[in-house]
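Chemist: This is the structure I have questions about; it appears just below.
Residue numbers (my numbering): 13 to 399.
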């Protein structure tokens with residue numbers, strides 16, 4: 013007779029083989045929900061702080077990049093070296109136009125800033141690819157005139173719209189004429205750098221007078237007799253507001269220089285809620301309203317000051333003047349004398365994008381706006397001016 017063995021299974025072993033009980037599942041779900049809920053609450057709480065820090069970091073980077081670009085452009089203001097050409101560095105390096113806000117006044121309403129909140133500056137730089145030449149004459153009847161001579165003034169920008177020049181040695185008139193374009197701004201400067209004016213080119217030709225072929229640059233609008241211009245005829249602004257250092261009289265020892273100026277201003281026309289600092293190279297008739305590269309968004313402050321040389325030749329670098337109408341050597345002068353500028357201070361203030369939703373309760377201490385702000389101030393010394 014065969015004996016059969018029967019194994020004995022306890023109740024606890026049966027329970028373990030059956031899996032989790034309903035109560036255990038519920039407890040696990042509750043604990044999991046609490047952990048996830050806490051994590052999501054912490055994430056929701058810190059996400060705005062993270063976003064604010066990211067926005068502020070982006071603002072800081074864009075501000076520093078904008079200032080670095082200004083420094084790169086401005087250190088070359090008024091400078092120019094040309095091999096074999098005996099030309100002094102011209103006296104204008106940076107043109108500053110200030111919008112002065114009255115004491116106790118304001119220039120913004122809520123989150124919107126107006127045009128009088130911002131200054132502008134233009135770096136007067138030459139085109140290194142176009143060799144300067146002597147300003148020979150304004151009328152063909154006075155030709156030929158020997159380059160480098162100055163027995164009498166042979167060019168009057170207030171009496172004629174023509175400027176005759178000879179191409180540099182070894183360059184044909186056609187090749188040199190191709191260096192210029194309609195809309196170019198050209199600088200005419202005395203041989204000693206004492207006086208200047210500027211005109212906008214409206215025509216280029218290569219007439220032959222006698223045995224020589226000249227380059228004829230035409231400017232359809234004459235300057236005033238003192239060498240000043242309307243703003244439409246001087247996109248740099250350096251000969252618009254003051255006659256202190258301008259003239260219309262030049263001779264064959266004086267110089268004509270093709271300019272490639274760079275302007276910095278704040279555009280509030282395109283989007284009033286987003287004032288944008290832009291950089292515009294003013295060549296071939298371009299103007300800030302039709303061109304320019306945006307350097308920084310959400311600008312709420314752009315002020316430009318200058319340390320000025322006085323009539324003794326010294327410069328007060330401890331005080332920066334933020335009113336270009338007072339740039340003058342004597343009390344009777346007209347002001348806006350940009351030949352006095354030796355050092356430039358740029359102050360730039362930016363903000364993160366305004367947060368208008370009711371849940372955003374942060375207000376900054378600068379203007380009480382719903383955004384964070386950053387500021388930077390730098391001193392820039394144009395090489396030619398500081399020497």
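Note that beta-carbon positions come from the ideal geometry of N, C-alpha and C, so glycine has one too.
Do residue 86 and residue 392 have their beta-carbon atoms positioned less than 8 Å apart in this structure?
Modeler: Translated into the one-based positions of the chain shown, residue 392 becomes position 380. Translated into the one-based positions of the chain shown, residue 86 becomes position 74. Yes, they are a contact pair.
Chemist: State the beta-bridge partners of residue 357 as determined by DSSP.
Modeler: As a working note, residue 357 is residue 345 in the chain shown. 317, 391.
Chemist: Please report how far the alpha carbon of residue 263 lies from the alpha carbon of residue 394, in whole angstroms.
Modeler: For the purposes of this step, residue 263 is identified with residue 251 of the chain shown, where counting begins at 1. For the purposes of this step, residue 394 is identified with residue 382 of the chain shown, where counting begins at 1. Spanning the two alpha carbons is a distance of roughly 29 Å.
Chemist: Taking its Cβ as the centre, do 16 or more other Cβ atoms sit within 10 Å of residue 46, making it buried, or is it exposed?
Modeler: If you number the chain shown from 1, residue 46 lands on position 34. Exposed, since its Cβ has fewer than 16 Cβ neighbours within 10 Å.
Chemist: Please look up how many angstroms separate the CB atoms of residue 352 and residue 341, rounded, as I've assumed it's under 8 Å.
Modeler: The residue labelled residue 352 in the question sits at position 340 within the chain shown. The residue labelled residue 341 in the question sits at position 329 within the chain shown. Contact flag correct, Cβ pair sits at about 7 Å.
Chemist: Under DSSP, the alpha helix (DSSP H) around residue 188 begins and ends at which residues?
Modeler: Within the chain shown, the letter at position 176 stands for residue 188. From DSSP, the alpha helix (DSSP H) with residue 188 extends over 185–189.
Chemist: Beta strand (DSSP E) containing residue 308: first to last residue?
Modeler: What you label residue 308 is simply residue 296 of the chain shown in a count that begins at 1. Taken as a continuous stretch (DSSP letters only), the beta strand (DSSP E) holding residue 308 covers 305–308.
Chemist: Specify whether the stretch 356–371 and the stretch 63–77 touch according to this definition: at least 3 beta carbon pairs, one from each stretch, less than 8 Å apart.
Modeler: With a cut-off of 8 Å, the stretch 63–77 and the stretch 356–371 count as touching, because enough Cβ pairs lie within range.
Chemist: Determine the closest residue to residue 89 out of 127, 123, 133, with distance taken between C-alpha atoms.
Modeler: Mapped onto the chain shown, residue 89 falls at position 77. With distances taken between Cα atoms, residue 89 lies closest to 133.
Chemist: So, for residue 192: in the same chain, excluding its five sequence neighbours on each side, which residues have a beta-carbon less than 7 Å away from its beta-carbon?
Modeler: For this step, residue 192 is matched to residue 180 along the chain shown. Only 213, 216, 229, 270 meet the Cβ criterion.
Chemist: Within 8 Å, do at least three Cβ pairs link the stretch 118–131 to the stretch 275–291?
Modeler: Enough Cβ pairs lie closer than 8 Å, so yes.
Chemist: How should residue 273 be labelled, buried or exposed, when 16 other C-beta atoms within 10 angstroms of its C-beta is the threshold for buried?
Modeler: As a working note, residue 273 is residue 261 in the chain shown. Answer is buried; the Cβ neighbour count reaches 16.
Chemist: Here's the rule I'm using: 16 or more other beta-carbon atoms within 10 Å means buried, otherwise exposed. How should residue 349 be labelled?
Modeler: Position 337 of the chain shown holds residue 349. That one is buried.
Chemist: Of all the options 167, 160, 53, which has the alpha carbon lying nearest to the alpha carbon of residue 151?
Modeler: Residue 151 sits at position 139 when you count from the first residue of the chain shown. With distances taken between Cα atoms, residue 151 lies closest to 167.
Chemist: Would you say residue 185 and residue 225 are within 8 Å of each other, going by their C-beta atoms?
Modeler: Translated into the one-based positions of the chain shown, residue 185 becomes position 173. Translated into the one-based positions of the chain shown, residue 225 becomes position 213. Yes.
Chemist: Tell me, to the nearest whole angstrom, how far the beta carbon of residue 248 is from that of residue 107; I am working on the premise that it is less than 8 Å.
Modeler: Against the chain shown, residue 248 aligns to sequence position 236. Against the chain shown, residue 107 aligns to sequence position 95. That pair is a contact at about 6 Å.
Chemist: I'd like to confirm the pairing. Which residues does DSSP put opposite residue 146 in its beta bridges?
Modeler: Indexing the chain shown from 1 puts residue 146 at position 134. Residue 146 is bridged to 267.
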